[in-house]
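Read through the structure below, which is laid out as structure tokens, and then see the notes.
Number of protein chains: 2
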Amino acid sequence: MKLALDAMGGDFAPATNVEGARLALERLANLEKIYLVGDEAALKRQCDACGLSGSHVEIIHAPEVVTMEESGLMAVRQKKRSSMSVAVDLVKEGACDAVLSAGNTGAAVAASTVKLRLLPGVRRAGIATQLPNEYGVCNVMDTGANPDARASHLVGYAVMAAVLVQYMYGKAEPKVGLMSNGTEECKGNDFSKETLKLFRQLEGDGKLPFHFLGNVEGHDLFEKELDVVVTDGFTGNVLLKTCEATAKTFSKWLKREIMKSYVRRAGALLMQGAFRSLKKTLSADQTGGSPLLGVNGVSIIAHGRANSTAIFNAIRIAEGMHENSVNPRIVEALADMGNIPAEYDLPR
Amino acid sequence: MKLALDAMGGDFAPATNVEGARLALERLANLEKIYLVGDEAALKRQCDACGLSGSHVEIIHAPEVVTMEESGLMAVRQKKRSSMSVAVDLVKEGACDAVLSAGNTGAAVAASTVKLRLLPGVRRAGIATQLPNEYGVCNVMDTGANPDARASHLVGYAVMAAVLVQYMYGKAEPKVGLMSNGTEECKGNDFSKETLKLFRQLEGDGKLPFHFLGNVEGHDLFEKELDVVVTDGFTGNVLLKTCEATAKTFSKWLKREIMKSYVRRAGALLMQGAFRSLKKTLSADQTGGSPLLGVNGVSIIAHGRANSTAIFNAIRIAEGMHENSVNPRIVEALADMGNIPAEYDLPR
Numbered sequence: 001m002k003l004a005l006d007a008m009g010g011d012f013a014p015a016t017n018v019e020g021a022r023l024a025l026e027r028l029a030n031l032e033k034i035y036l037v038g039d040e041a042a043l044k045r046q047c048d049a050c051g052l053s054g055s056h057v058e059i060i061h062a063p064e065v066v067t068m069e070e071s072g073l074m075a076v077r078q079k080k081r082s083s084m085s086v087a088v089d090l091v092k093e094g095a096c097d098a099v100l101s102a103g104n105t106g107a108a109v110a111a112s113t114v115k116l117r118l119l120p121g122v123r124r125a126g127i128a129t130q131l132p133n134e135y136g137v138c139n140v141m142d143t144g145a146n147p148d149a150r151a152s153h154l155v156g157y158a159v160m161a162a163v164l165v166q167y168m169y170g171k172a173e174p175k176v177g178l179m180s181n182g183t184e185e186c187k188g189n190d191f192s193k194e195t196l197k198l199f200r201q202l203e204g205d206g207k208l209p210f211h212f213l214g215n216v217e218g219h220d221l222f223e224k225e226l227d228v229v230v231t232d233g234f235t236g237n238v239l240l241k242t243c244e245a246t247a248k249t250f251s252k253w254l255k256r257e258i259m260k261s262y263v264r265r266a267g268a269l270l271m272q273g274a275f276r277s278l279k280k281t282l283s284a285d286q287t288g289g290s291p292l293l294g295v296n297g298v299s300i301i302a303h304g305r306a307n308s309t310a311i312f313n314a315i316r317i318a319e320g321m322h323e324n325s326v327n328p329r330i331v332e333a334l335a336d337m338g339n340i341p342a343e344y345d346l347p348r
Numbered sequence: 001m002k003l004a005l006d007a008m009g010g011d012f013a014p015a016t017n018v019e020g021a022r023l024a025l026e027r028l029a030n031l032e033k034i035y036l037v038g039d040e041a042a043l044k045r046q047c048d049a050c051g052l053s054g055s056h057v058e059i060i061h062a063p064e065v066v067t068m069e070e071s072g073l074m075a076v077r078q079k080k081r082s083s084m085s086v087a088v089d090l091v092k093e094g095a096c097d098a099v100l101s102a103g104n105t106g107a108a109v110a111a112s113t114v115k116l117r118l119l120p121g122v123r124r125a126g127i128a129t130q131l132p133n134e135y136g137v138c139n140v141m142d143t144g145a146n147p148d149a150r151a152s153h154l155v156g157y158a159v160m161a162a163v164l165v166q167y168m169y170g171k172a173e174p175k176v177g178l179m180s181n182g183t184e185e186c187k188g189n190d191f192s193k194e195t196l197k198l199f200r201q202l203e204g205d206g207k208l209p210f211h212f213l214g215n216v217e218g219h220d221l222f223e224k225e226l227d228v229v230v231t232d233g234f235t236g237n238v239l240l241k242t243c244e245a246t247a248k249t250f251s252k253w254l255k256r257e258i259m260k261s262y263v264r265r266a267g268a269l270l271m272q273g274a275f276r277s278l279k280k281t282l283s284a285d286q287t288g289g290s291p292l293l294g295v296n297g298v299s300i301i302a303h304g305r306a307n308s309t310a311i312f313n314a315i316r317i318a319e320g321m322h323e324n325s326v327n328p329r330i331v332e333a334l335a336d337m338g339n340i341p342a343e344y345d346l347p348r
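Chains as they are written, first to last, in my numbering: chain A, 1 to 348; chain B, 1 to 348.
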């Protein structure tokens, strides 16, 4: 696999990106080459600093950078020579198989969608983010590519994320739930109720290529055996950030309590193995990045605060998606499912 | 204040309800009387068991109980002699000032809304739930009374929750945010963008009786000085449950890590004060209950898993709302604000 890396994207760019690339080239067997896209001089310095050289790495100069504050679509239109745009262009032109950016998420979504376009049969791309779960991981989709969605889009998200789970993580029959405000069949808002109806209809017709569990709620994210949870990008984004914020606040407040006495601090010292292990389980760096599923090419979006471990893990996901032919499988699965009744394709 | 307590509501009823009532009668100065509503024989036994007697407590017999699985509106229509219905009736008839239930939330919302009706000027009632925050507490409204909402409803939620914060907790100028998928002004789904526009318009006209902070996101719930966050009941419910689930999972997984070695267990023992203190901060029992704001009467909804501390604290909130005339203040605040442009009152 050949990867285009937006080396200027993210809060700690380009250092973490270049270091993450070095780790990936060292460890990932199927990674042929990484194109580091960004300011040539800065990237050259960074490569020298971490001893990254050779024919499996190439710097592609891009003089502009998309900032975290810019509007996504505007950035794509106006900064054609940004590291992000040029990195996506490498996939568009066929020079690379995958693109990774830890930069402005909205811009990464816009650039990937506009330049790579959608896979055949895909109505709407979405971001699939992994959360740790009692039984492994739960993929929440969409966590923010498109704030508004239609019922048909959520069915598409379910198919795409289920294909990811099946072909990349080897789960024979992925379990999929629809996020709602309760597990009962009657629960939901107008939109989620309509979506549930569509899922049930397709299920009745034997068209769903996964096991559909119906409505799920917040607690199920962690406690139920659940591979995929679908929701619109607004709810998914609120959910994801609430989850991150709660875990962060819990840690912070526990730390504050610990600092209040010497006895507690001694206790925490004895417990440091437990803290370290839990931190690793919960850390987004271990996941690394979230695939933007549905675009014609592998596009991975990493957290703005991604460190080199996160960049490495995000590249690992790109490699996995490419090697396991996730995109061709998505096209097949959607073609097998056939058309979705037009009435579920109306704007909200 | 006189309180009607749905003594059969909740997973541990009637024991926790009766014990919570006893604690409240012992400690709350302005609580004149509690009517325990439910199965007379069971309640009499429970009162005897915990030594609750005297003229400040009275058992009102109600032979039916609304279960947790029933549809809210159906339960109100069909079980007219349920403990929940009879408790709400006591407020409707003027015998009580407030009602509290730890039973089926949907049924408590339906019974309160149908029987008590809305306060003058209120378009839609909503549940305001407190989350602990770096600066005190953040009231999230609506956490599930009505899954769908209009822009005008969210303005109403903001006014009602701001009045609660101002008159019950003494914060002169409550800070209110609109939940979104990012803090930038351009962020949101179609509904939240329309709502933001309405807030900005009313702000420009000097009509908002609080400080409006614009869009807020998950992290702000805990980290920003924020008294109120408004959102529709679907998003609010997903947010609240995700938050509870994350904290619960974090604790559970940390406990599991601790059990893995004797050293870690010894450390945890030294740290038990820290754990206890954090648990208290995070526990929903300390808040006790969430007011259903907007109905004509004080109606408090407690968690199904409420223990006696939670019931006590929920009664404390009812007393606070009554003593501080929160409902009359809500009516005044809405009247002062005047009409909301009709175009923001359309169904989604």
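Each residue gets a CB set at the ideal place from its N, CA and C atoms; glycine is no exception. As the structure is a computational prediction, the values presented were derived from the model and not from experiment.
For the stretch 223-251 of chain A, enumerate the residues whose C-beta is nearer than 9 Å to any C-beta of chain B, in chain order. Glu223, Thr231, Asp232, Gly233, Phe234, Thr235, Gly236, Asn237, Val238, Leu239, Leu240, Lys241, Thr242, Cys243, Glu244, Ala245, Thr246, Ala247, Lys248, Thr249, Phe250 and Ser251
From the DSSP output, which residues share a beta bridge with B:Leu36? B:Leu5 and B:Ile59
Proximal chain A residues relative to B:Leu269, where beta-carbon distance stays under 8 Å: Gly267
For B:Ile317, which of helix, strand or coil comes out of DSSP? Three-state result, B:Ile317: helix.
In chain A, which residues lie with their C-beta within 8 Å of the C-beta of B:Met179? Val238
Could you tell me if A:Lys252 is buried or exposed, where buried requires 16 or more neighbouring beta carbons within 10 angstroms of its beta carbon? exposed
Who are the neighbours of A:Ile258 on chain B, taking C-beta pairs under 9 Å? Met271 and Ala274
Determine the chain B residues that contact A:Ser71 at a beta-carbon separation under 9 Å, and present them in chain order. Glu184 and Cys186
Distance cutoff 8 Å, beta carbons only. Does B:Gly144 sit that close to anything in chain A? yes
Would you tell me roughly how many angstroms separate the C-alpha atoms of B:His61 and A:Gly182, rounded to the nearest one? 31 Å
Measuring CB to CB, does B:Ala145 end up less than 8 Å from B:Gly233? yes
With a cut-off of 8 Å, do at least 3 Cβ pairs link the stretch 255-266 of chain B to the stretch 233-244 of chain A? no
Just curious, the alpha helix (DSSP H) that A:Leu334 is in, first and last residue? Looking at the DSSP string, the run of the alpha helix (DSSP H) that includes A:Leu334 is Val326 to Met337.
Go ahead and pull the three-state DSSP assignment for B:Lys279. helix
With a threshold of 16 other CB atoms inside 10 Å of the CB of B:Ala75, please say whether the residue is buried or exposed. buried
Judging by CA-CA distance, which residue of B:Ala306, B:Lys279, B:Leu270 and B:Ile317 is the nearest neighbour of B:Leu293? Nearest C-alpha to B:Leu293 among B:Ala306, B:Lys279, B:Leu270 and B:Ile317: B:Ile317.
What residue does the alpha helix (DSSP H) around B:Phe199 start on, and which one ends it? Asp190 to Gly204
Does the CB of B:Ser325 have a neighbour CB from chain A at under 8 Å? At a cut-off of 8 Å between beta carbons, B:Ser325 makes no contact with chain A.
Do the stretch 223-238 of chain B and the stretch 115-125 of chain A make contact, defined as three or more Cβ pairs closer than 8 Å? no
Partner residues on chain B for A:His219, Cβ-Cβ distance less than 8 Å: Lys241, Glu244, Ala245 and Lys248
From the DSSP output, in three-state form, read off B:Glu217 for me. coil
Among B:Leu164, B:Arg123 and B:Gly288, the one whose alpha carbon lies nearest that of B:Asn139: B:Leu164
Selected residue, minimal CA-CA separation from B:His219, among B:Gly10, B:Glu343, B:Glu134 and B:Gly54: B:Glu134
Does any CB atom of chain B fall closer than 8 Å to the CB of A:Asn189? Interface with chain B (8 Å Cβ-Cβ cutoff): A:Asn189 is included.
Look at B:Asp285 and B:Ala266 and say whether their C-beta atoms are less than 8 Å apart. no
Return the Cβ separation of A:Val176 and A:Phe212 in integer angstroms, given the expectation that the two are a contact with Cβ distance under 8 Å. 5 Å
Establish whether the CB of B:Asp148 and some CB of chain A are separated by less than 8 Å. yes
Spatially closest choice to A:Leu154 from A:Cys96, A:Arg124 and A:Pro174, by CA coordinates: A:Arg124
Leaving out five residues before and five after A:Ile300 in sequence, what residues of the same chain have Cβ atoms less than 6 Å from its Cβ? Short of 6 Å from the beta carbon of A:Ile300, and not among the five residues preceding or following it, lie these beta carbons of its own chain, in chain order: Leu100, Gly289, Pro291, Ala314, Ile317 and Ala318.
For chain A, find out if any of its Cβ atoms is closer than 8 Å to the Cβ of B:Leu5; answer yes or no. no
May I have the straight-line CA-CA distance separating A:Ser71 from B:Val109, to the nearest angstrom? Approximately 41 Å between the Cα atoms of the pair.
One or two residues paired with A:His153 in a DSSP bridge: Bridge partners of A:His153: none, in fact.
Run of the alpha helix (DSSP H) containing A:Ala128, from where it starts to where it stops: Per DSSP, A:Ala128 belongs to no alpha helix (DSSP H); it is in the beta strand (DSSP E), Gly126 to Asn133.
Are there 16 or more other CB atoms within 10 angstroms of the CB of B:Asp97, so buried, or fewer, so exposed? By the neighbour-count rule (16 or more Cβ atoms within 10 Å), B:Asp97 is buried.
Please state the DSSP three-state secondary structure of B:Val99. strand
If you compare alpha carbons, which of B:Arg276, B:Glu32, B:Lys197 and B:Ala158 is closest to B:Tyr344? B:Lys197
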